[in-house]
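This report concerns only the one structure given below.
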Amino acid sequence: MENLHFIPEADFEISRLKELYELNILDTGKEERFDRFTDLISDLFDVPIVLIGLVDKHREWIKSYTGISINQIPRDISFCAHTLYEKEILVINNAKKDPRFEGSHLVLNKPHISFYAGALLRGPTGKPIGALSIIDKRPRKFNSRKQQQLIQFARLVERELCYSYYNNKIRIDTESSSFNDFLTGLPNRHILKERLGQAVEVAQYPQQIAVISLKINQLQELKSSAGDEVISCIINETSARLKKTLMKSDGISLWEEDHFILFITINPQTSSLLMKLENILNTLEDKFEFKEEKYSLSTNIGISIFPNDSHDANQLVENAIYAMRLLTSDSKPPYRFFSEEATTKLTKQFELEHLLIKAIETNALELYYQPKVDISSGLICGVEALCRWNDPTYGSISPTEFILIAEQSDIIIQLGEWVLKEACKKNKEWQSQGLRPIPISVNVSKKQLMKKDFPQDVKKILQESKLRAKYLDLEITESSLINIEDIIENLNIIFKLGITFSLDDFGTGYSSLSYLKNLPLKTLKIDISFIKQMVSNTHDAVMVRTIVAMAKSLGLVCLAEGVENSNQLLFLQAYQCDQIQGYLFSQPLTADEFARLLSKKDIFKKIIQWRG
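Numbered per the working numbering, the sequence shown spans residues 163 to 774.
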């Protein structure tokens with residue numbers, strides 16, 4: 163039986179992975195304290211291979227090994243992964259005669275496992291995290307005395323694995339007794355500023371750090387009427403709610419009785435300060451309850467940003483407090499940036515987010531269509547659907563702006579579904595009108611691809627529109643391939659439906675070339691930045707030629723986007739690029755305009771045949 167593996171129960175898997183990750187040991191270097199164990203165990207048990215393996219989400223990572231030179235293997239072929247479900251130890255005397263493992267890749271190929279014994283390794287609270295494994299290429303018997311010896315060695319290895327964790331816990335407990343607020347357990351001012359300073363030092367572009375000064379309004383007045391016990395309850399509850407909105411890398415401190423300071427790290431490319439603020443405001447919206455009485459309190463929030471407002475931790479805190487003090491208890495919105503420009507920008511972002519949701523729900527968005535042209539024949543060989551938004555208040559809003567807002571929240575799921583439905587419906591309409599069938603390309607985000615039931619959503623849309631799968635192409639960006647294991651299963655399911663994939667913006671540097679041969683791709687789209695300068699910039703020309711050659715060697719179609727002039731076309735013809743998209747042929751068109759274009763034969767033939 164090939165690649166036999168367990169599908170772990172969700173809660174069990176989440177809790178044990180949490181325990182494994184808290185050890186901070188994955189992907190660390192070799193250490194003598196572990197290598198001594200593997201060498202000694204190899205001698206004592208007279209086995210050629212010994213491993214200390216830790217089972218991650220999709221792999222077994224090997225901290226120390228003897229007799230084999232490998233530091234990780236896929237989890238679905240790992241023997242160690244099976245040990246997680248044993249009480250203490252897993253023993254396989256002869257894998258070649260064990261129906262569970264006889265067809266395993268590791269039995270039929272190197273290291274040709276025949277005998278295996280793995281003693282369970284546990285984390286600090288007893289969750290299984292891996293195994294101490296001994297392996298032989300020949301069958302063996304392994305009596306109970308030897309099993310107990312291996313289990314005892316596993317306990318010693320566990321102690322080493324957890325050593326740093328326990329030391330760190332003791333240090334934190336000691337620090338917290340002297341440096342934390344007695345009421346809330348939060349770090350005091352000194353500790354927060356120290357941690358903020360450390361965060362500033364290690365922050366790398368494009369990371370930003372937002373320092374937030376949050377004041378609970380009317381708390382002092384309430385103290386006079388309701389007493390200290392109520393105030394303590396509200397402060398504790400506020401602290402608990404705020405902590406739930408923060409990541410491990412963020413920080414929080416009780417600055418004064420009614421005043422918190424927080425800092426949060428943000429990567430503008432993947433997360434949104436807007437969403438963080440919304441989370442904070444939403445979590446404090448619910449009324450506070452004490453002895454059946456309910457209290458509703460407002461907050462004021464001042465914000466300063468690293469690196470825009472300062473590079474100094476003390477100054478960032480002062481700037482945030484200054485911004486907060488400019489607000490009143492009834493200020494709308496209840497936040498202000500140290501920079502007035504940033505306040506205006508975020509207020510607009512808040513408004514656009516809500517307007518975008520409304521636009522999707524009322525079909526106020528519109529799709530435009532840009533043709534893809536075959537470089538040898540001049541025929542339209544495909545079309546890309548592009549979303550446009552013209553708002554009554556703001557006018558035409560750039561796709562770059564509103565798609566970024568959507569991507570920084572879950573609106574991108576809703577937006578992506580709308581675009582996919584409209585594009586499939588329109589392509590089927592064109593075919594029903596007797597126009598030549600061509601595939602339509604739709605951009606999909608990583609959040610869509612990570613959605614568990616996304617393949618079912620796509621299948622349903624195809625069924626509703628009656629569009630055949632081969633006439634739909636999904637464009638994914640290179641940035642989607644970061645942590646590819648999150649999306650590869652969905653990609654393969656969708657590919658089996660008959661839908662094709664294009665890799666957009668290729669060459670921007672995110673994807674590993676090794677992924678390309680494993681992805682179900684049909685087309686590589688060369689990023690526009692290379693096309694723009696390829697005629698005048700030798701480096702860009704070489705990049706384009708290399709990408710085209712690589713695509714052909716992998717059996718992929720190569721498309722150049724952003725082609726605007728005949729010189730660029732000439733270069734691409736010389737490099738034998740397959741397809742072209744850009745203003746040289748057509749700007750994005752309305753549905754009716756594109757239908758008229760598609761109905762004309764040989765419309766681009768003269769451009770393609772241009773030789774200067």
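All residues carry an ideal CB built from backbone N, CA and C; glycine is no exception.
Leu-358 Cβ short of 8 Å to the ligand HEM heavy atom set: By its list of ligands, the structure shown contains no ligand whatsoever, and the ligand HEM lies outside what it can speak to.
Presumed contact (8 Å Cβ cut-off) between Lys-590 and Leu-629, rounded CB distance: 5 Å
Selected residue, minimal CA-CA separation from Glu-755, among Asn-727, Lys-588, Gly-669: Lys-588
Proximity to Ser-607 [Cα-Cα], best of Trp-592, Ser-558, Leu-653, Arg-598: Leu-653
Length of the line joining the Cα atoms of Phe-450 and Ser-415: 20 Å
Beta-carbon spacing of Ile-296, Tyr-278 below 9 Å: yes
Whole-angstrom distance between Ile-463 and Met-486, CA atom to CA atom: 5 Å
Spatial neighbours of Cys-242 in its chain, beta-carbon cut-off 8 Å, leaving aside the 5 residues before and after: Leu-213, Gly-215, Val-217, Glu-222, Gly-280, Gly-292, Ala-293, Ser-295
Backbone CA spacing between His-167 and Asp-201 [nearest angstrom]: Interpretation of His-167 is limited by its pLDDT of 41, a score under 50 that renders its predicted location unreliable; no figure is taken from the coordinates.
Inter-residue CB distance, Leu-624 and Cys-586 (contact presumed, cutoff 8 Å): Taking the Cβ atoms as the reference, Leu-624 lies roughly 6 Å from Cys-586, within the contact range of under 8 Å.
CA-to-CA distance, Val-604 to Leu-636, given in whole angstroms: 5 Å
Phe-277 - partner residues in DSSP beta bridges: Under DSSP, Phe-277 forms a beta bridge with Asp-298.
Every unbroken alpha helix (DSSP H) inside the segment 699–755 [4 residues or more]: Secondary structure remark: continuous alpha helix (DSSP H) runs of at least 4 residues inside the segment 699–755, in chain order: 700–715, 728–736.
Beta-carbon spacing of Ile-187, Leu-376 below 9 Å: Against a cut-off of 9 Å, the Cβ pair of Leu-376 and Ile-187 comes out as no contact.
Limits of the unbroken beta strand (DSSP E) element including Ala-372: 370–378
Gly-540, buried or exposed, once every other Cβ within 10 Å from all chains shown has been counted against 16: buried
C-beta contact flag for Pro-301 and Ile-211 at 9 Å: no
Identity of the residue in Ser-761, Leu-686, Glu-399 nearest Ile-448 by Cα: For the sequence presented, residue 448 should be read as Asp rather than Ile. Of the listed residues, the one whose Cα sits closest to Asp-448 is Glu-399.
Selected residue, minimal CA-CA separation from Ser-571, among Glu-440, Pro-368, Tyr-227, Cys-549: Comparing Cα-Cα distances from Ser-571 to each of Glu-440, Pro-368, Tyr-227, Cys-549, the minimum goes to Glu-440.
Extent of the continuous alpha helix (DSSP H) run through Lys-588: Boundaries of the alpha helix (DSSP H) harbouring Lys-588: 573–594, taken from the DSSP string.
One or two residues paired with His-421 in a DSSP bridge: Lys-377, Glu-418
Secondary structure, beta strand (DSSP E): runs of 3+ residues fully inside the segment 626–659: Here the runs fully enclosed are 634–639.
Beta-carbon spacing of Gly-413, Leu-358 below 9 Å: Yes, the pair counts as a contact, with Cβ atoms nearer than the cut-off.
Proximity winner among Asn-255, Lys-192, Asp-208, Ser-560, relative to Ile-232 (alpha-carbon distances): Ranking Asn-255, Lys-192, Asp-208, Ser-560 by Cα distance to Ile-232 puts Lys-192 first.
Bridge-paired residues (DSSP) for Val-217: Glu-222
Per-residue DSSP class, three states only, for Pro-617: The answer is helix: DSSP assigns Pro-617 an H, G or I state.
Beta-carbon proximity list for His-220, same chain, < 6 Å, skipping 5 on both sides: Arg-237, Glu-647
Backbone CA spacing between Gln-380 and Glu-419 [nearest angstrom]: Distance between the alpha carbons of Gln-380 and Glu-419: 12 Å.
Selection from Trp-551, Lys-534, Phe-512, Leu-577 that minimises the alpha carbon distance to Glu-528: Trp-551
Same chain, Cβ closer than 7 Å to Arg-178, neighbours up to 5 away in sequence not counted: Lys-289, Pro-290, Ile-291
Beta-carbon proximity list for Ile-770, same chain, < 7 Å, skipping 5 on both sides: Here the set comprises Ile-537, Gly-540.
Three-pair Cβ contact test at 8 Å for the segment 551–565 versus the segment 396–411: no
Identity of the residues DSSP links to Ala-293 by a beta bridge: Per DSSP, Gly-215, Leu-282.
Straight-line gap, Ile-230 to Thr-639 (C-alpha atoms, nearest Å): Between Ile-230 and Thr-639, the alpha-carbon positions lie close to 38 Å from each other.
Opening and closing residue of the beta strand (DSSP E) in which Asp-666 lies: Segment 662–668, the beta strand (DSSP E) holding Asp-666.
Expected contact under 8 Å - CB spacing of Ile-742 and Val-535 to nearest Å: 5 Å
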